[in-house]
Structures are given as structure tokens and as C-alpha cells.
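Line order of the protein sequences matches chains A and B. Residue 1 is where the first sequence starts when you use the UniProt record's numbering, and the numbers rise one by one after that. Residue 1 is where the second sequence starts when you use the UniProt record's numbering, and the numbers rise one by one after that. Where a beta carbon is used, it is the ideal one built from N, C-alpha and C, also for glycine. Computed from a predicted structure; not experimentally measured. Each remark here refers to the structure printed beneath this line.
There are 2 protein chains.
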Amino acid sequence: MGRGKIEIKRIENSNNRQVTYSKRKTGILKKAREITVLCDAQLSLIIFAASGKMHEYISPSTTLIDILERYHKTSGKKLWDAKHEDLNSEIDRMKKENDNMQIELRHLKGEDINSLNYKELMTLEEALECGLTGVRDKRV
Amino acid sequence: MGRGKIEIKRIENSNNRQVTYSKRKTGILKKAREITVLCDAQLSLIIFAASGKMHEYISPSTTLIDILERYHKTSGKKLWDAKHEDLNSEIDRMKKENDNMQIELRHLKGEDINSLNYKELMTLEEALECGLTGVRDKRV
DNA sequence: TCGGCTATGTATAACAG
DNA sequence: TCTGTTATACATAGCCG
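In C-alpha cells form, the structure reads like this:
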């Protein structure tokens with residue numbers, strides 16, 4: 001279309017490239033809107049120009065999130081796992097830390113100490129005596 | 001285009017709608033590919049037909065996740081917060097729990113007790129004595 | 001229902017200001 | 001560089017088999 005046929009390959013002249021981008025962006029956004037209206041389709045179109053500028057079209061009556069959820073379900077491809085995995089591993093890490101402290105606390109309170117061996121009991125006693133001394137010094 | 005002009009509104013005849021969808025889908029996918037090649041654009045296009053069938057085009061040299069990250073950064077719109085917020089609040093909750101245990105542990109070890117008032121010290125001392133008794137009983 | 005055809009409406013490459 | 005124009009290539013609506 002236009003005054004001459006062009007090959008579909010990167011337009012080397014940056015000015016032409018920019019102009020073509022702008023026109024085709026308008027075109028594709030229009031097509032996107034049209035197909036959703038004509039055919040009851042749901043669609044998400046996100047375009048970034050080489051310059052970084054962004055344009056989007058999301059079909060009405062839906063949201064990008066809806067579409068991504070559906071994409072997720074339909075394709076089975078997971079989108080936010082990278083993010084989720086980080087958070088999940090952080091949670092696991094804290095959970096372990098938590099459990100360890102929980103156990104130490106119970107021991108210091110004299111609970112669940114049946115499983116401790118003699119050496120561990122001695123260490124614990126020492127810690128308790130030390131703490132007690134500190135507290136008594138302070139209190140007086 | 002075609003033998004007659006059509007209005008951009010829902011095509012009522014479901015057969016025509018389906019045919020038009022199929023043709024236009026091909027068209028828009030082609031346009032999507034072309035603009036990325038011609039203009040160095042990055043693009044994500046996801047279409048769901050009314051039937052539920054999905055089609056997508058993601059520009060080469062990128063991934064949908066990249067595009068969504070960029071969308072997030074550029075638009076400021078948060079996409080996965082609903083999902084993430086749950087995890088984040090879980091992390092916050094555990095962090096608090098963690099901190100509290102951390103403090104309690106330090107107190108039991110006689111550390112950082114300057115900030116405690118008399119009553120708190122007494123409670124602490126009691127706990128320590130109780131723990132110590134338990135441990136000594138056990139050790140013997 | 002479907003794949004292909006073609007007359008016609010659109011999009012756009014090149015150009016002009 | 002940007003906006004508008006125009007000749008042309010392209011996309012596609014309605015058909016046909």
C-alpha cells in the first residue's frame with residue numbers, strides 16, 4: 001500500500017521508520033478496535049516504539065488482567081511465576097527462621113526439652129542463668 | 001474493503017461474524033508482525049474469539065513477561081498486585097512475628113533489657129526461673 | 001461449513017509543503 | 001520535523017462451489 005511496495009524488513013532510514021511506525025500504529029489500533037466490535041472478540045494489544053513510547057488497546061468490557069488470567073488458563077504459560085517464586089522463597093525462608101526461633105523460645109521457657117541431650121541442656125541452662133543474672137542486676 | 005462497506009458494529013449473523021473474525025485475525029496478526037519488523041517495535045497481541053479460542057503474537061526478541069514488566073513500569077498500572085498482595089501481606093505478617101520473637105529471645109538472653117520497666121523485668125525473671133527449673137529437673 | 005475468488009474499500013509509502 | 005495529500009498496494013465482504 002502506498003506509492004510503492006516495500007519489503008517487510010527493518011526500515012533503515014530512521015525518519016521513514018518513525019513515520020511508518022506512527023501510521024501503522026494508528027492502523028493496527030484501529031484494526032484491533034474493529035475486530036473486537038465486529039466479532040465480539042476480546043483483545044489486548046500493547047506496543048512499544050523503539051523510542052520507548054507505549055500504546056495500548058484493550059477491548060472494552062474487559063481488563064488487561066482478565067486477559068492475562070485467561071491467557072494463563074488457556075495457554076498454560078505462567079506469567080508471574082518469576083515474581084511469585086521470589087516471594088514464595090522469601091516466605092519459606094522466613095518460615096524456617098520463624099520455626100527455629102519458636103523452638104528456641106520454647107526451650108528457653110523450659111518447654112519441649114525432652115528431646116535435648118545433656119550438652120544441649122547445659123548450654124541452655126547456662127544461657128538462662130546468664131539471662132537471669134542480667135535481669136536481676138537490672139532490676140535491683 | 002470487500003464488496004461493500006460495513007459499519008463497525010457487532011455483526012449479527014453469527015456465521016459472517018465467525019468468518020470475518022477469522023479473516024481479520026489473520027490480518028491483524030500480519031500487521032502486528034510487520035510493524036515489529038519494519039519499525040523495531042515491541043508488541044504483544046492477545047486475541048480471544050468469542051468462542052474462547054486464543055491467538056497471540058509477541059514480537060521476537062522479547063517475551064510477554066518482558067512486555068508486561070515494561071507496561072507496568074511505563075503505565076504505572078499494576079497487573080499482578082491482587083496475586084502479589086496476598087504474598088506480600090503474608091511476608092509482612094511473618095516479618096512482624098519474626099521481629100517480636102527476636103526481641104523476646106534477646107530479652108530472655110538478658111540483652112536489650114534497659115528499655116523494660118519493673119513489671120516487665122519481673123515477668124521476665126519469672127519466666128527464666130521457670131525455664132531454669134525445668135531444665136535442671138530434666139538434667140538431673 | 002469451508003476455502004478460494006474478486007470487486008471494492010482501506011491503509012499507507014512516497015511525496016509535498 | 002511535522003502534517004496533509006495521493007497513488008498504489010493491501011485487506012477483506014460478499015460470493016461461489
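- [ ] Could you name the residues of the same chain whose beta carbon sits closer than 7 Å to that of Leu128(B), not counting the 5 residues immediately before and after it, in chain order?
- [x] Same-chain partners within the cutoff: Leu108.
Task: Under 7 Å by beta carbon: chain B residues contacting residue 143(A) - done: Lying before the first or after the last residue shown, residue 143(A) is absent from chain A, which here runs from 1 to 140.
- [ ] Identify the contact partners of Gly134(A) in chain B, using a Cβ-Cβ distance below 7 Å as the criterion.
- [x] Gly110 and Ile113, listed in chain order.
Open item on the list: For Ala41(B), which residues in the same chain have their Cβ closer than 6 Å to its Cβ, ignoring the five residues on either side in sequence?
Closed with: So the list reads Ile35, once near-sequence residues are dropped.
- [ ] Let me know the secondary structure DSSP gives Glu111(B) once reduced to three states.
- [x] Glu111(B) falls in the coil class under three-state DSSP.
Open item on the list: Please classify Ser22(B) as buried or exposed, where buried requires at least 16 other C-beta atoms within 10 Å of its C-beta.
Closed with: Ser22(B) should be labelled exposed.
- [ ] Check the C-beta distance from Tyr57(B) over to Ala32(B) and give it rounded, since I have them as a contact under 8 Å.
- [x] Taking 8 Å as the upper bound for CB-CB distance, Tyr57(B) and Ala32(B) are in contact here, some 4 Å apart.
Open item on the list: I'd like to know whether the C-beta atoms of Lys95(A) and Met122(B) end up nearer to each other than 8 Å.
Closed with: In this structure, Met122(B) does not lie closer than 8 Å to Lys95(A) by Cβ.
Task: Inter-residue Cα distance where the pair is Lys73(B) and Leu29(A) - done: Taken atom to atom, the span from the alpha-carbon of Lys73(B) to that of Leu29(A) is near 21 Å.
- [ ] For the beta strand (DSSP E) containing Ile47(A), list its first residue and its last residue.
- [x] Run containing Ile47(A): Gln42 to Phe48, per the beta strand (DSSP E) assignment.
Open item on the list: Once the 5 residues before and after Ile67(A) are set aside, which same chain residues still bring their CB inside 6 Å of it?
Closed with: Same-chain partners within the cutoff: Ser44.
Open item on the list: Between Val135(B) and Glu125(A), how many whole angstroms is the CB-CB distance? I'm expecting something under 8 Å.
Closed with: Their Cβ separation, rounded to whole angstroms, is 5 Å, which keeps Val135(B) and Glu125(A) in contact under 8 Å.
- [ ] For Ser75(A), collect the residues of the same chain with a Cβ closer than 7 Å to its Cβ; drop the 5 residues on either side in sequence, then sort them by chain order.
- [x] Residues of the same chain with their beta carbon placed closer than 7 Å to that of Ser75(A) are lacking, with the five preceding and five following residues left out of the count.
Open item on the list: Would Leu105(A) and Glu120(B) be called neighbours here (beta carbons separated by less than 8 Å)?
Closed with: For the 8 Å CB-CB criterion, Leu105(A) and Glu120(B) do not form a contact.
Task: Of the listed residues Ala50(A), Pro60(A), Asn88(A) and Lys25(A), nearest to Ser61(B) (C-alpha basis) - done: Among Ala50(A), Pro60(A), Asn88(A) and Lys25(A), the Cα nearest to that of Ser61(B) belongs to Ala50(A).
- [ ] Measure the Cβ-Cβ separation of Asn98(B) and Asn98(A) and say whether it is below 8 Å.
- [x] In contact: Asn98(B) and Asn98(A) (Cβ atoms closer than 8 Å).
TODO: Give the residues from the segment 90-109 of chain B that approach chain A closer than 9 Å (Cβ to any Cβ), ordered along the chain.
DONE: Hits within the stretch, in order: Glu90, Ile91, Met94, Lys95, Glu97, Asn98, Met101, Gln102, Glu104, Leu105, His107, Leu108 and Lys109.
Open item on the list: Quick check: what's the CA-CA separation for Asn114(A) versus Glu85(A)?
Closed with: Roughly 37 Å between the two C-alpha positions.
TODO: Compare the C-beta of Asn13(A) with all C-beta atoms of chain B and state if any pair is closer than 8 Å.
DONE: Not an interface residue.
TODO: Output, in chain order, the set of chain A residues within a Cβ distance shorter than 8 Å of Met54(B).
DONE: Here the neighbours are Arg70, Tyr71, Thr74 and Ser75.
Open item on the list: Are the CB atoms of Leu79(A) and Ile47(B) within a distance shorter than 8 Å?
Closed with: No, the pair does not count as a contact, with Cβ atoms beyond the cut-off.
TODO: Give me whichever residues DSSP pairs with Met54(A) in a beta bridge.
DONE: DSSP, once it has assigned bridges, lists Phe48(A) as partnering Met54(A).
TODO: Output the distance between the C-alpha atoms of Gly27(A) and Leu38(B), rounded to the nearest integer angstrom.
DONE: Cα-Cα distance, rounded: 14 Å.
Open item on the list: What residue range does the alpha helix (DSSP H) around Ser22(B) cover?
Closed with: Counting along the chain, the alpha helix (DSSP H) containing Ser22(B) begins and ends at Ser14 to Cys39.
Open item on the list: Just to confirm the assignment, what range does the alpha helix (DSSP H) spanning Thr74(A) have?
Closed with: Note, Thr74(A): alpha helix (DSSP H), Leu64 to Ser75.
- [ ] Run down chain A in chain order and give the residues with a C-beta less than 7 Å from the C-beta of Ser61(B).
- [x] The premise fails here: Ser61(B) is roughly 12 Å from chain A at the closest Cβ pair, so nothing lies under 7 Å.
Open item on the list: Could you tell me the alpha carbon to alpha carbon distance between Gly4(B) and Asn15(B), rounded to whole angstroms?
Closed with: Near 17 Å, if we compare the C-alpha coordinates of Asn15(B) and Gly4(B).
Task: C-beta atoms of Glu90(A) and Ile91(B) nearer than 8 Å - done: Cβ atoms of Glu90(A) and Ile91(B): closer than 8 Å.
Open item on the list: Threshold first: 4 residues or longer. Then list the alpha helix (DSSP H) segments lying entirely within the UniProt domain "K-box" (84-140) of chain B, N to C.
Closed with: Segments of the alpha helix (DSSP H) lying fully in the UniProt domain "K-box" (84-140) of chain B: 118-139.
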